[in-house]
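Novice: Here the sequence shown stands for residues 15 to 784, numbered as in my numbering.
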Amino acid sequence: MSLPQPKLLHDGLLDQYGTLLIVRNPVAPPKPASGQPGAPSDYVPATPEIFVAVVDAPGTAAGWRALAFNGHVDLGTGIRTALAQIVADELDIPFEQLDMVLGHTEACPNQGPTIASATIQISAVPLRRAAAQAREHLLRLAAEHWHVSVQALQARQGLIVFKDQTDTRQAHYGELIRGRRERLTLSEDVVLKPASEYQLTGQGRARVDIPAKATGALTFVHDVRIPGMRHGRVVRPPYPGRDGGDFVGTSLISVDTASVAHLPGNVQVVVKGDFVGVVADREEQAIAAMRALKVQWRDIPQAPDLSDLDAALRADPSEVRPLHHQGHTNLELAQAAQASPNRVVQRSYVWPYQMHGSIGPSCAVADYTADRLTIWSGTQNPHMLRTDLDRLLKLGEGNIEIVRLEAAGCYGRNCADDVCGDAALLAMATGTPVRVQLTREQEHQWEPKGTAQLVDVQAAIDPEGNLLAYDFGVRYPSNDAPLLALLLTGSISNQPRTLQMGDRTAMPPYRYPHLQIVCHDMPPLVRASWLRGVSALPNAYAHECMIDELAHRAGADPLEYRLRHLDDVRARDLLMATAKRARWQPFMAGSRGIPADDGLLHGRGMAYARYIHSKFPGFGAAWAAWVVDLSVDPLSGHVRVDRITVGHDAGMMINPDGVRHQVHGNVIQALSRALLEQVSFGPQGVTSREWGAYPIIKFGEIPQIDVLLMARPDEPPMGVGESASLPGAPAVANALFDATGLRLCAPPYTPEKLRHAMHNTRSAHADLYA
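1. Apart from the five residues just before and just after D257, which ones in its own chain have a Cβ nearer than 6 Å to its Cβ?
2. Our contact map puts A80 next to I107 with C-beta atoms below 8 Å; I'd like the distance itself, whole angstroms only.
3. Can you check which of these residues, A753, Q683, V364, is closest to G487 by C-alpha distance?
4. Tell me whether L649 is buried or exposed, calling it buried when 16 or more other Cβ atoms sit within 10 Å of its Cβ.
5. Is DSSP giving Y783 helix, strand or coil here?
6. Pick out whichever of P762, G755, V681, R726 has its Cα sitting closest to the Cα of S737.
7. Looking only at C-alpha atoms, which of H245, P254, V262, W311 sits nearest to V283?
8. Around the Cβ of F630, are there at least 16 other Cβ atoms within 10 angstroms (buried) or fewer (exposed)?
9. For the alpha helix (DSSP H) holding E478, just list the boundary residues, first then last.
10. Which full runs of the alpha helix (DSSP H) of 4+ residues lie inside the region 290-316, going along the chain?
11. Taking Y622 as the reference, give the member of V660, G634, R606, Q451 with the closest Cα.
12. If you drop the 5 nearest sequence neighbours on each side, which residues of the same chain put their C-beta closer than 7 Å to that of W311?
13. Residue range of the alpha helix (DSSP H) that M398 falls in?
14. Does the Cβ of H276 have 16 or more other Cβ atoms within 10 Å, making it buried, or fewer, making it exposed?
15. Are S543 and R518 closer than 7 Å when you measure CB to CB?
16. Classify T199 as helix, strand or coil using the three-state DSSP reduction.
17. Compute the Euclidean distance between the alpha carbons of A784 and L577, then round it to the nearest angstrom.
18. Assess contact between the region 474-487 and the region 403-416, defined as three or more Cβ pairs (one per stretch) separated by less than 8 Å. Is contact present?
19. Taking the straight line between their C-alpha atoms, what separation do you get for L768 and E104?
20. Which residues share a DSSP beta bridge with Q168?
21. Spatial neighbours of D288 within its chain, please: CB distance less than 6 Å, with the 5 preceding and 5 following residues excluded, ordered by chain position.
22. If we ignore side chains and look at the alpha-carbon of each, how far apart do L689 and L589 end up?
23. List the endpoints of the continuous beta strand (DSSP E) containing N84.
24. To the nearest angstrom, report how far apart P537 and L740 are at their CA atoms.
25. Let's see if you can read the secondary structure: which residues bound the beta strand (DSSP E) around F751?
26. Does Q349 have its Cβ less than 7 Å from a Cβ in chain B?
27. Does the region 115-128 come within contact of the region 393-409, defined as at least 3 CB pairs closer than 8 Å?
28. Using a 10 Å radius around the Cβ and a threshold of 16 neighbouring Cβ atoms, would you call A780 buried or exposed?
29. S362: which of A325, Q135, Q168 sits nearest, CA to CA?
30. Can you name, in chain order, every residue of its own chain whose Cβ lies under 8 Å from the Cβ of G665, other than the five neighbours on each side?
31. Going by DSSP, name the residue or residues bridged to S543.
32. Specify whether the region 743-754 and the region 607-626 touch according to this definition: at least 3 beta carbon pairs, one from each stretch, less than 8 Å apart.
33. Go ahead and label I373 buried or exposed: buried means 16 or more other beta carbons lie within 10 angstroms of its beta carbon, across all protein chains shown.
34. Tell me which residues share the same chain as L206 and place their Cβ nearer than 8 Å to its Cβ, disregarding the 5 neighbours each side in the sequence.
35. Rounded to a whole number of angstroms, what is the C-alpha to C-alpha distance between V235 and T444?
36. Determine the extent of the alpha helix (DSSP H) in which W160 is found, giving its start and end residues.
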């Protein structure tokens, strides 16, 4: 099996003649901001970080090759293709002549974890500059060679040619660097191409990762095999999905190694704190040993009662963090309520715990040789994982290499990092390479859940129906879910820490003269971290459900009402374009609880959001809007979504086909989360152990999805990965109101939940159903 050799690649480029390298001098990574995720690291690499390399390659068709390095990873979103388009355009080379290298700690710059839809918007910027800098330097080398001015020359598809076409001299990139070792420090003072000169950027491009996946070539970390590799499995403690409390890391009483001594496979048992693992020669032998091993645990304190999420979140100790205050919110709310109760709306929106639901359980391979640890991993946080493994193993970050391969997908923090800690502990204890794959139950129970969230909103309109006052408070019990091996081995404190992550998109997009926004920072109740949309998704859900209800109170059309109070020009354009595409009809009400001739309740709803990420006030990614058409069976409560129209403004789209694919993925996942997904808990922790207990949307339930991409080629590219998710749940909720007449404030909107709500309504208004 031919595995990537990132360290050899990187070090070879630094030593090789016939190279042009654009590098960044090594520095320690920035410390995490106060209250934000991440572990501080003082590690400084011994060698420069390469961003772009042009290499002389005599004997090849082109005579040269190019490589580009980015610290982020491709999670199935197609950024490998988009980043290659950016570099190839700026370097002015054929797309096929570029190799992208992503995420490997020994080859790629440390650009932080792949989160926040920030790859194209942020981490691609230095890559674009590096490519432009390489192109400019090649032009200078050619000008020196021919003793002409740089202005007389131009780059064209890997060649330097004369602008005056009567001069037919040309040189390819390899000729210009032959025998040289050109190394330039990455500069911000470089001229980028204007958008009008791009040949690849803005054009649809087939994803470069698909052929290997379609043919079964090595792509996924699950497929890694190395000589001498053995197989490991872990035995998790009986507190599934809980990572905070005195019992974490301290609950193991004994392990009976004799209980597996008779099994084949040279079984070895590894114990450290509450970490228990087995290693055997073959995978099925490791599975058998995991099941047979007798382990005794102390009694575990009961998990928090999460049957009533509203009550549980209010009971969790918190610290109030004011985010924004303007005007006299409390006074205006009180006066509006006194003048007319119909002018004030007060709601509590409850978002459930949800899973990443990775189709394949997490996997890693570890090899500890000559005091160096190599991990083949599906992490989306390679450099952060390296820091965590050093905290666990005390090897020094320079002796830990993360080779990043694709995994089963996650869009957030699943068990991909945890399984690396497991594999590392087992490999070091046994002195052999070890592959560890979690079971489905372990992945479901122990992955850091997408966090439950409680949002209290009180809003008022003035006598003319315009927005007047808005009081918004969010509770978000989450942190960055420390590496499980660190907790189970007692390497770090087992007391949960509190992070400030509930403030994403906490500010409403609409104009309220009186506005008060607070965040209640609190520790996790169960193991919870980021999932696609982080806290922005439930916050946007609250904003958009509330604006819809206020429009109804004001007797206004939901579209017109939003536009009336929305100052962002691009948001207004997007909403109008999306509504036009969906054939929105002002004031056209749905069934509102009265079945149509077909016996169903029909409704449509809209929602808009822009994803605002990072520590408050944060920064914005793409804009998105949804219009949802659905029907509800009033007897069964079953919801059928018939059509979704999605508008999306991502600025300049590097690969419109890739953006469209991302939007489709967002829509499908967001719809699944709105209608189906919710983690269940018991006295010991998570009880959603398999797909039967945690359903996700099926192919047959996916509606027609119409995607409208706003053409803005002259605007900066915005992050795409999460934005289209945000309007999903509120658009569904607003459509359900239009169909049923009910304001439902707690997804998922399962048939059971809708049946119960409609039954209560029918009981209260029996005359309407006579």
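Glycine is no exception: its CB is placed at the ideal position from the N, C-alpha and C atoms.
Specialist: This is what the structure gives:
1. Once the five neighbours on either side are set aside, the close Cβ partners of D257 are L501, R541.
2. 6 Å
3. V364
4. exposed
5. Residue confidence for Y783 is low, a pLDDT of 38 falling below 50, so the modelled location carries little weight; the figure read from the coordinates is stated next. DSSP places Y783 in helix when its eight states are reduced to three.
6. V681
7. H245
8. Under this definition F630 is a buried residue.
9. Taken as a continuous stretch (DSSP letters only), E478 belongs to no alpha helix (DSSP H), as it is neither H nor E.
10. 297-306
11. V660
12. P251, P252, S265, L266, I267
13. 396-407
14. H276 is exposed by the Cβ-count criterion.
15. no
16. Under the three-state reduction of DSSP output, T199 falls in the strand class.
17. Because the pLDDT at A784 is just 35, under 50, the model does not fix this residue reliably, and the point stays unresolved.
18. no
19. 53 Å
20. V175
21. P251, G263, S265, L266, L502
22. 24 Å
23. If you look at N84, you'll find it in the beta strand (DSSP E) that goes 78-84.
24. 24 Å
25. Per DSSP, F751 belongs to no beta strand (DSSP E); it is in the alpha helix (DSSP H), 742-754.
26. Looking at the structure shown, chain B is missing, and only one protein chain is on hand.
27. yes
28. Annotation note: pLDDT 45 at A780 (below 50); position unreliable, coordinate value reported separately. With fewer than 16 other Cβ atoms within 10 Å, it is exposed.
29. A325
30. So the qualifying residues of the chain are A636, R726, E729, P730, P731, M732.
31. G464
32. Three or more Cβ pairs drawn from the region 743-754 and the region 607-626 lie within less than 8 Å of each other, which places the two stretches in contact.
33. Exposed.
34. In the same chain as L206, and ignoring 5 residues on each side of it, the C-beta atoms closer than 8 Å to its own belong to E104, R142, R143, A146, in chain order.
35. 21 Å
36. In the DSSP assignment, W160 falls within the alpha helix (DSSP H) that extends over 138-160.
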